[in-house]
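Student: Please find one structure pasted underneath; my questions will follow.
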Amino acid sequence: MMTAEDYPVVDRLEEIWRTGQELGLSQAQIHHVFDSVFNEEKEKEAIISKSHGSTDYKRTIQDIARMITSYLKIFTKFLVFLTAVCIVVFIVISLHNPTRKLVTRNIQDVIYPFMTTLRYLTLPILTRYPHLSQWYSEECLVPNVFYDQPSIDCMPCSKDPQPIKTAGLQNFTDMYYNNGRIIIVTDAMLQNMTWGDLTKELDIKQEFEIGAFKYFSETNTSMEALRWFVKEETINSDDHIEWRINRLETLHVVRQIFPRMYFIPSETEVALHRFVYVDGPEADSYPLPLTEFANVVLIQGEGKSVLTLSPSSHCQDICNSVTVTLDTTHVLFFNWIYWRPVRVGGESISTLAMSSFY
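Here the sequence shown is numbered in my numbering, starting from 1 and rising by one per residue.
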């Protein structure tokens with residue numbers, strides 16, 4: 001029902017209608033004029049409404065941009081502050097000797113539990129995605145040529161460099177840990193472990209294909225000889241095998257063959273990477289590589305090895321080289337901060353395993 005305000009509009013429409021009739025327009029033509037006018041007004045309203053919506057959208061985008069910029073400024077300030085704090089802490093630890101000793105003494109007790117917990121947390125991920133274990137095989141391909149050991153006290157290796165042969169070692173941490181002494185432990189391995197034991201438990205061909213297994217021979221250098229060795233798994237008199245073990249699948253088996261030595265402190269960490277060297281009685285001499293950690297354990301699984309321990313570059317002036325003979329099941333301990341080992345010979349077939357601990 002129309003109200004009083006609607007009558008002027010109705011009167012105006014009737015006036016327009018009469019004007020159309022006076023101009024000779026039919027009713028259909030007059031309806032068409034009205035429809036055209038109404039449609040034009042609707043289009044204008046739509047354009048205006050769209051313009052208002054676009055303005056609101058632009059305002060929303062601008063508000064979001066201002067918010068992101070504000071957060072970025074806050075994050076940048078926090079990052080700068082955190083960097084400044086880290087620099088100050090680093091300077092204090094580096095220049096203030098009591099603080100450095102305090103931090104070093106306390107952080108040692110945290111590293112191993114933290115890494116052990118982290119490893120346990122990642123086990124479900126490795127179980128679900130076993131191919132991720134190959135990342136453990138990654139190593140540093142470009143060493144830091146600017147790195148050097150801090151000042152080293154070489155007095156331990158200068159006073160009494162001769163190896164100490166012992167059994168039933170109970171006071172290892174107090175007397176021999178990180179002090180440059182050389183120890184031969186005769187009761188750490190209960191039985192000998194041969195090259196045949198390794199070939200029974202492990203797939204030599206697979207290890208060779210992934211590049212962990214390297215075979216050297218002076219007499220048999222052809223590819224046919226190499227294929228024959230991988231197939232037959234026999235050692236010639238001048239053969240030399242270098243086997244770097246960093247795959248978890250292989251490491252689990254090797255840990256059972258060459259277990260953790262009883263004298264290694266329980267609170268320390270044993271490195272994941274292991275090395276196995278198999279040599280014929282006439283194999284050439286070769287240096288042993290630096291291990292992941294400085295405390296080195298050499299296990300003579302079978303045969304005999306003669307090693308020369310030369311002083312490191314820091315201790316060459318006051319320390320002399322030492323010759324060590326390892327018999328079957330004997331275990332040699334030394335620290336490569338003071339000593340660098342070279343295997344110079346042996347008797348019969350020799351299987352030598354090397355690991356390290358923190």
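Ideal Cβ positions, reconstructed from N, Cα and C, are used throughout, including at glycine.
Using three-state DSSP, classify Phe-75 as helix, strand or coil.
Tutor: For the purposes of this step, residue 75 is taken as residue 75 along the sequence shown, with counting starting at 1. It is helical.
Student: Exposed or buried, Gln-300, counting other C-beta atoms within 10 Å across all chains shown (16 or more means buried)?
Tutor: Position 300 of the sequence shown, counting from 1, holds the residue named residue 300. Buried, because 16 or more other Cβ atoms sit within 10 Å of the Cβ of Gln-300.
Student: Based on the DSSP secondary-structure assignment, which residues constitute the bridge partners of Pro-311?
Tutor: In the sequence shown, counting from the first residue as 1, residue 311 sits at position 311. DSSP links Pro-311 through a beta bridge to Trp-339.
Student: Can you tell me whether DSSP reads Asn-192 as helix, strand or coil?
Tutor: Position 192 of the sequence shown, counted from the first residue, corresponds to residue 192. For Asn-192, the three-state secondary structure derived from DSSP is coil.
Student: Could you tell me how far apart the beta carbons of Asn-295 and Asn-171 are, in whole angstroms, since I believe they sit closer than 8 Å?
Tutor: Counting from one through the sequence shown, the residue named residue 295 turns up at place 295. Counting from one through the sequence shown, the residue named residue 171 turns up at place 171. No, Asn-295 and Asn-171 are not in contact; Cβ-Cβ is about 16 Å, not under 8 Å.
Student: Residues in the same chain with beta-carbon distance under 8 Å from Glu-267, minus the five sequence neighbours each way, listed in chain order, please.
Tutor: As a first step, residue 267 must be located in the sequence shown, where it is residue number 267. Asp-109 and Tyr-112, listed in sequence order.
Student: Taking 9 Å as the CB-CB limit, is Trp-195 close to chain B?
Tutor: Absent from the structure is chain B; it holds one protein chain and no more.
Student: Just grab the DSSP bridge partners of Ser-70 for me.
Tutor: By 1-based counting over the sequence shown, the position of residue 70 is 70. Per DSSP, none; premise fails for Ser-70.
Student: Please identify the residue among Pro-124, Tyr-120, Val-253 and His-314 whose C-alpha is closest to the C-alpha of Leu-202.
Tutor: Sequence index remark: in the sequence shown, residue 202 carries index 202 (1-based). It is Val-253.
Student: In or out: Phe-75 buried (at least 16 other Cβ within 10 Å) or exposed?
Tutor: Counted from its first residue, the sequence shown places residue 75 at position 75. Exposed is the call here.
Student: To the nearest angstrom, report how far apart Trp-195 and Arg-260 are at their CA atoms.
Tutor: For the purposes of this step, residue 195 is taken as residue 195 along the sequence shown, with counting starting at 1. For the purposes of this step, residue 260 is taken as residue 260 along the sequence shown, with counting starting at 1. Taking the straight line joining both Cα atoms gives about 19 Å.
Student: Hey, how far is the Cα of Glu-396 from the Cα of Trp-243?
Tutor: What the structure shows of the chain is the stretch from 1 to 358, and residue 396 is not part of that stretch, so it cannot be assessed.
Student: Quick check: His-330 and Thr-186, are their CB atoms within less than 9 Å of each other?
Tutor: As a position in the sequence shown, residue 330 is number 330, starting the count at 1. As a position in the sequence shown, residue 186 is number 186, starting the count at 1. Yes, the Cβ-Cβ distance between His-330 and Thr-186 is below 9 Å.
Student: Between which two residues does the alpha helix (DSSP H) containing Thr-328 stretch?
Tutor: Residue 328 sits at position 328 when you count from the first residue of the sequence shown. Careful: Thr-328 lies outside any alpha helix (DSSP H) and carries neither H nor E.
Student: Among the residues of its own chain, which have a CB less than 6 Å from the CB of Val-322, if the five just before and after it don't count?
Tutor: Counting from one through the sequence shown, the residue named residue 322 turns up at place 322. Residues Pro-161 and Leu-309 of the same chain have their beta carbon placed closer than 6 Å to that of Val-322, with the five preceding and five following residues left out of the count.
Student: Quick check on Gly-20: does DSSP put it in helix, strand or coil?
Tutor: Reading the sequence shown from its first residue, position 20 is the one you call residue 20. Here Gly-20 sits in helix by DSSP.
Student: Let me know the secondary structure DSSP gives Phe-114 once reduced to three states.
Tutor: Position 114 of the sequence shown, counted from the start, is the residue given in the question as residue 114. Collapsing the DSSP output to three states places Phe-114 in a helix.
Student: Can you tell me which of the three DSSP states Ser-305 falls into?
Tutor: Here residue 305 corresponds to residue number 305 of the sequence shown, with the count starting at 1. Strand, per DSSP.
Student: Taking the C-alpha atoms as reference points, what is the distance between Val-324 and Ser-305?
Tutor: Translated into positions along the sequence shown, residue 324 becomes position 324. Translated into positions along the sequence shown, residue 305 becomes position 305. Answer to the nearest angstrom: the Cα atoms are 8 Å apart.
Student: In chain order, what residues of the same chain lie with their CB nearer than 8 Å to the CB of Ala-84, ignoring the 5 residues before and after it?
Tutor: By 1-based counting over the sequence shown, the position of residue 84 is 84. Correct list: empty, nothing qualifies.
Student: Taking its Cβ as the centre, do 16 or more other Cβ atoms sit within 10 Å of Phe-351, making it buried, or is it exposed?
Tutor: As a working note, residue 351 is residue 351 in the sequence shown. Note on residue identity: the sequence assigns Thr, not Phe, to residue 351. Buried is the call here.
Student: Count the other C-beta atoms from every protein chain shown that fall within 10 angstroms of the C-beta of Ser-312, then say buried if there are 16 or more, exposed otherwise.
Tutor: Here the question's residue 312 lines up with position 312 in the sequence shown. Result: buried.
Student: Given a threshold of 16 other Cβ atoms within 10 Å of its Cβ, counted over all protein chains shown, does Asn-246 qualify as buried or as exposed?
Tutor: Locating residue 246 in the sequence shown gives position 246, where the first residue counts as 1. Here Asn-246 is buried. Its C-beta has 16 or more other C-beta atoms within 10 Å.
Student: Just to confirm my understanding: we take Glu-347, look at its own chain, exclude 5 residues before and 5 after, and list those with CB closer than 7 Å. What are they?
Tutor: If you number the sequence shown from 1, residue 347 lands on position 347. Within its own chain, the residues whose Cβ lies closer than 7 Å to the Cβ of Glu-347, once the five positions on either side in sequence are excluded, are Pro-281, Gly-303 and Lys-304, listed in chain order.
Student: Name the DSSP beta bridge partners of Val-296, please?
Tutor: The residue labelled residue 296 in the question sits at position 296 within the sequence shown. Val-296 is bridged to Phe-334 and Ser-356.
Student: Look up Pro-287 in the DSSP assignment and give the residues it is bridged to.
Tutor: Reading the sequence shown from its first residue, position 287 is the one you call residue 287. Per DSSP, Val-342.
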